[in-house]
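Each residue of the sequence shown is one higher than the last, beginning at 1 in UniProt numbering.
No residue lacks a Cβ here, since even glycine has one placed at the ideal position from N, Cα and C.
A short write-up of the structure that comes next.
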Amino acid sequence: MSQYVHGLEEPMTLPEITGYRVVRVVGHGGMATVYLGTQLSLGRDVAIKVMRPEALADEVSRRRFENEARTIARLEHPNIVGIHEVGRTADGLPWYAMPYLPHGHLGRRDLTRDHGRVREVLRALLSALAYAHARGVIHRDVKAENVLFDEADRPLLADFGIALRRGYGTRVTMVGLAVGSTAYMAPEQARGQQVDFRADLYSVGVLAWEMLNGSLPYQADDALSMALAHTQNPIPRLPPALRHWQRFIDRALAKSPGRRFADANQMLQALAEVPLRGGRSAPLIEGALRRAGAGARRVPPLLWIPAVLVLAAGIGLLLRPATQPDPDTQAAAQARMLPSPEPSDAQGLARDDMSGTAATGPMELVDPAAARVAPVSQADRYLLEAERRMQAGHLAAPEGANAFESLTRAWRADREHLRFAPVSARALDAAAARAGALIAKGAHAEAAAMLTAARQHAAATGQAEGEAMRQLRAKVETAADARIAAAAAAVDRADALAALAAAEAAGIDAAVTTRLRRLAMTIPDVAALAARVAGGARVVRGPDGAYAIANAPVSRADYAAFVAATGHKSASCRARGSVLRALAPKNWEDPGFEQSPSDPVVCVSWDDAMEYARWRSEREGRSIVVASTAQGASVATRAMGPAEWRSDCAAACKDRIAAGRSQRDELSSRALDPRRGYDDVGFRLAHLP
Numbered sequence: 001m002s003q004y005v006h007g008l009e010e011p012m013t014l015p016e017i018t019g020y021r022v023v024r025v026v027g028h029g030g031m032a033t034v035y036l037g038t039q040l041s042l043g044r045d046v047a048i049k050v051m052r053p054e055a056l057a058d059e060v061s062r063r064r065f066e067n068e069a070r071t072i073a074r075l076e077h078p079n080i081v082g083i084h085e086v087g088r089t090a091d092g093l094p095w096y097a098m099p100y101l102p103h104g105h106l107g108r109r110d111l112t113r114d115h116g117r118v119r120e121v122l123r124a125l126l127s128a129l130a131y132a133h134a135r136g137v138i139h140r141d142v143k144a145e146n147v148l149f150d151e152a153d154r155p156l157l158a159d160f161g162i163a164l165r166r167g168y169g170t171r172v173t174m175v176g177l178a179v180g181s182t183a184y185m186a187p188e189q190a191r192g193q194q195v196d197f198r199a200d201l202y203s204v205g206v207l208a209w210e211m212l213n214g215s216l217p218y219q220a221d222d223a224l225s226m227a228l229a230h231t232q233n234p235i236p237r238l239p240p241a242l243r244h245w246q247r248f249i250d251r252a253l254a255k256s257p258g259r260r261f262a263d264a265n266q267m268l269q270a271l272a273e274v275p276l277r278g279g280r281s282a283p284l285i286e287g288a289l290r291r292a293g294a295g296a297r298r299v300p301p302l303l304w305i306p307a308v309l310v311l312a313a314g315i316g317l318l319l320r321p322a323t324q325p326d327p328d329t330q331a332a333a334q335a336r337m338l339p340s341p342e343p344s345d346a347q348g349l350a351r352d353d354m355s356g357t358a359a360t361g362p363m364e365l366v367d368p369a370a371a372r373v374a375p376v377s378q379a380d381r382y383l384l385e386a387e388r389r390m391q392a393g394h395l396a397a398p399e400g401a402n403a404f405e406s407l408t409r410a411w412r413a414d415r416e417h418l419r420f421a422p423v424s425a426r427a428l429d430a431a432a433a434r435a436g437a438l439i440a441k442g443a444h445a446e447a448a449a450m451l452t453a454a455r456q457h458a459a460a461t462g463q464a465e466g467e468a469m470r471q472l473r474a475k476v477e478t479a480a481d482a483r484i485a486a487a488a489a490a491v492d493r494a495d496a497l498a499a500l501a502a503a504e505a506a507g508i509d510a511a512v513t514t515r516l517r518r519l520a521m522t523i524p525d526v527a528a529l530a531a532r533v534a535g536g537a538r539v540v541r542g543p544d545g546a547y548a549i550a551n552a553p554v555s556r557a558d559y560a561a562f563v564a565a566t567g568h569k570s571a572s573c574r575a576r577g578s579v580l581r582a583l584a585p586k587n588w589e590d591p592g593f594e595q596s597p598s599d600p601v602v603c604v605s606w607d608d609a610m611e612y613a614r615w616r617s618e619r620e621g622r623s624i625v626v627a628s629t630a631q632g633a634s635v636a637t638r639a640m641g642p643a644e645w646r647s648d649c650a651a652a653c654k655d656r657i658a659a660g661r662s663q664r665d666e667l668s669s670r671a672l673d674p675r676r677g678y679d680d681v682g683f684r685l686a687h688l689p
């Protein structure tokens, strides 16, 4: 297979990492250098990935990287390279250790003549991505060099180190450098847009092409030209011997994410449907026509032109419509010509999902001949009524005047009516589409009501296990899967469980319910976390994930408990700007004014605040930090102060930020010495899941 790599300068010295002996460089990447090392405690060889200084330029991005590495370390899948440990070098650069796999990467293997092995590799990668995506993790750098092989020659997906949970930040995480290799990069990723799981599936499509052909689908001399090729050039055509893969490739490499596979599981299913060899032979009719065409070229025009005219006349006779359509056909035509009123309730989208029922302009009047045709039975009247209600968007509501109730009445009036099955199938299909849309936007109660009505109709008419309900359940399962994945990215367990409850209203299989519930229950319950915070906390969901921000700053009573438990000696304190600070020393117990135990503690330094947060984390067994500027902005500070320390740097990290008004000024932010306490500065905590 071909490789598309960038040359990078090798570091002059090996990094110092506690607990490891670094042996040599084994590879370079755009963000990091990989070293072979030995974990001294276990005596095993490991690969150590050390981030470059320019890749994570500030402390905030380094901490975010470490948090994400810990998230990825919890991914346990047979086709994902795990992470052993996360830390920092003696120079402060983030690193993580992973298994050392010396059997090379996919870019060094030629699989062009081993399509069975190509399928095995694709199945392994898609299985790994399905697992990661279900937990909200997007890889964003799937490429041949990141597919490694273990002792058993199993393919493993590596380098989740630059992956982000869905909803975290933008695609660009370092100044001037785009994440991912442009040779495998989805068009939206190359354009710098936000990406979702389908960007990974595009990269798998590039890998599929590369394994089959031995070359990349697009060729370019530099990264920019390669990115432009992915965004602008048409999808290339496979050679004749590989044409049975073309449909799979076309969907995998679609420029628009909406035209690609919806998820890794759907892509796996499509892979299973690719013929094992060069596709089926041409149909008999197609071959016969081809042979006839070849023979026709040898016949004089005076003979074959009349033959063509005779053939056309025969086809016209065969396609001529009957002069007397049967009553059911007339009723169907009448129903199709009825005007389509605007939807008047929340189910209006169902009308848009009905094939062939939405008008694109002013509706023509009903044909007079059709208007004179009366329904031939009570069932006809109910079916016409059901179609009118579907067109109006009244699928499941209001009670007593919705399409499902009309359809059930039609079935009871005539169980053998020829039009009942297709009209009912259309209604169930519209319900599936509408419920999926409602689940996608979080309207789970409405979706559950829609699906309950659909399921009751199917049960009442003997269709509970029919094809229409099977398709409905499959679509609802897909919608719930996607919503639970989105809830995982937003760390919103309640939303995930609500999506599951809506799907259960459709009667999805017990095994599917168990799987979705397991996924939902792996999401941290941030709401429950907030409820456990003394004094209360507010749940916030944003670009940096979900967390609970305390409603109030840390109180004197809380800080006193910390001092009593640890014997911590707090920093000296002063009144900001006072020339008498040496004559009137202050501390957190005596800041120079009266305070109650519930008042915010002041006269504590930034260092004191960080030690307090560390103590709380250890005592409560969860991650508790001093609020950052972004986290603190999600809750109002007190009008009369105090200002609050933030975890962010200022002045090249010599100073720290204190945000909010105080009794001395109305500044929104100021930079202060982190080693001192101030009598108008306290701090607030953020609780992480």
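Buried or exposed: residue i, going by 16 or more other Cβ atoms within 10 Å of its Cβ?
{"i": "V204", "result": "buried"}
{"i": "G682", "result": "buried"}
{"i": "F593", "result": "exposed"}
{"i": "G400", "result": "exposed"}
{"i": "G43", "result": "exposed"}
{"i": "H139", "result": "buried"}
{"i": "E54", "result": "exposed"}
{"i": "E342", "result": "Summary for E342: the model assigns pLDDT 36, below 50, so the residue's position carries little reliability, and this model does not support an answer."}
{"i": "A430", "result": "buried"}
Determine the extent of the alpha helix (DSSP H) in which residue i is found, giving its start and end residues.
{"i": "F149", "result": "Per DSSP, F149 belongs to no alpha helix (DSSP H); it is in the beta strand (DSSP E), V147 to F149."}
{"i": "G192", "result": "Looking at the DSSP string, G192 is not in any alpha helix (DSSP H), and its letter there is neither H nor E."}
{"i": "R483", "result": "E467 to A489"}
{"i": "Y382", "result": "Q378 to Q391"}
{"i": "Q631", "result": "T629 to G632"}
{"i": "I235", "result": "Unbroken run through I235: none, as it is neither H nor E."}
{"i": "T522", "result": "T522 -> no alpha helix (DSSP H), and no H or E assigned at all."}
{"i": "W411", "result": "A403 to A413"}
{"i": "A134", "result": "H115 to A134"}
{"i": "E76", "result": "Counting along the chain, E76 falls outside any alpha helix (DSSP H), and DSSP gives it neither H nor E."}
Taking the continuous beta strand (DSSP E) assigned at residue i, which residues delimit it?
{"i": "E504", "result": "Careful: E504 lies outside any beta strand (DSSP E), inside the alpha helix (DSSP H) at R493 to E504."}
{"i": "D45", "result": "R44 to M51"}
{"i": "L685", "result": "L685 to L688"}
{"i": "residue 691", "result": "Because the chain spans 1 through 689 in this model, residue 691 falls outside it and cannot be assessed."}
I need the DSSP call for residue i, collapsed to helix, strand or coil.
{"i": "S669", "result": "strand"}
{"i": "E594", "result": "coil"}
{"i": "A227", "result": "helix"}
{"i": "P15", "result": "coil"}
{"i": "E620", "result": "helix"}
{"i": "H457", "result": "helix"}
{"i": "G436", "result": "helix"}
{"i": "H28", "result": "strand"}
{"i": "P240", "result": "helix"}
{"i": "G258", "result": "helix"}
{"i": "T514", "result": "helix"}
{"i": "Y547", "result": "strand"}
{"i": "P155", "result": "strand"}
{"i": "P553", "result": "coil"}
Starting from the C-beta of residue i, find all residues in its chain whose C-beta is less than 7 Å away, skip the five residues before and the five after it, and write them out in chain order.
{"i": "T566", "result": "W615"}
{"i": "S623", "result": "S617 and L688"}
{"i": "P187", "result": "H230, T231 and K255"}
{"i": "V539", "result": "V526, A527, A530, A546 and A548"}
{"i": "A537", "result": "A530, A548, I549, A550, N551 and H687"}
{"i": "R675", "result": "A571, S605 and D607"}
Could you check whether the Cβ of residue i sits closer than 8 Å to any heavy atom belonging to the ligand COA?
{"i": "A511", "result": "Inclusion of the ligand COA in the displayed structure is not the case, the ligand content being empty and no account of it being possible."}
Quick one: what's got a C-beta closer than 8 Å to residue i's C-beta in the same chain, skipping five residues either side?
{"i": "R389", "result": "L395, A401, N402, A403 and S406"}
Tell me which residues share the same chain as residue i and place their Cβ nearer than 6 Å to its Cβ, disregarding the 5 neighbours each side in the sequence.
{"i": "V34", "result": "V26, G27, A47 and K49"}
{"i": "T18", "result": "none"}
{"i": "A73", "result": "I83"}
For this session: Determine, using beta-carbon pairs with one atom in the segment 438 to 452 and one in the segment 496 to 505, whether at least three such pairs fall under 8 Å.
Result: yes
Exercise. Counting pairs of Cβ atoms below 8 Å between the segment 189 to 208 and the segment 127 to 140, do you hit three or more?
Worked result: yes
Problem set entry | Touch test, the segment 43 to 62 against the segment 105 to 119, Cβ-Cβ under 8 Å, three pairs minimum | no
Exercise. Does the pairing of the segment 511 to 529 with the segment 464 to 472 give three or more beta-carbon distances under 8 Å?
Worked result: no
For this session: Check whether the segment 217 to 229 touches the segment 261 to 270, taking contact to mean three or more Cβ pairs, one atom from each stretch, closer than 8 Å.
Result: no
Exercise. Between the segment 234 to 253 and the segment 190 to 197, are three or more C-beta pairs nearer than 8 Å?
Worked result: no
For this session: Evaluate the contact criterion for the segment 68 to 81 versus the segment 119 to 130: three or more CB pairs, one atom per stretch, below 8 Å.
Result: yes
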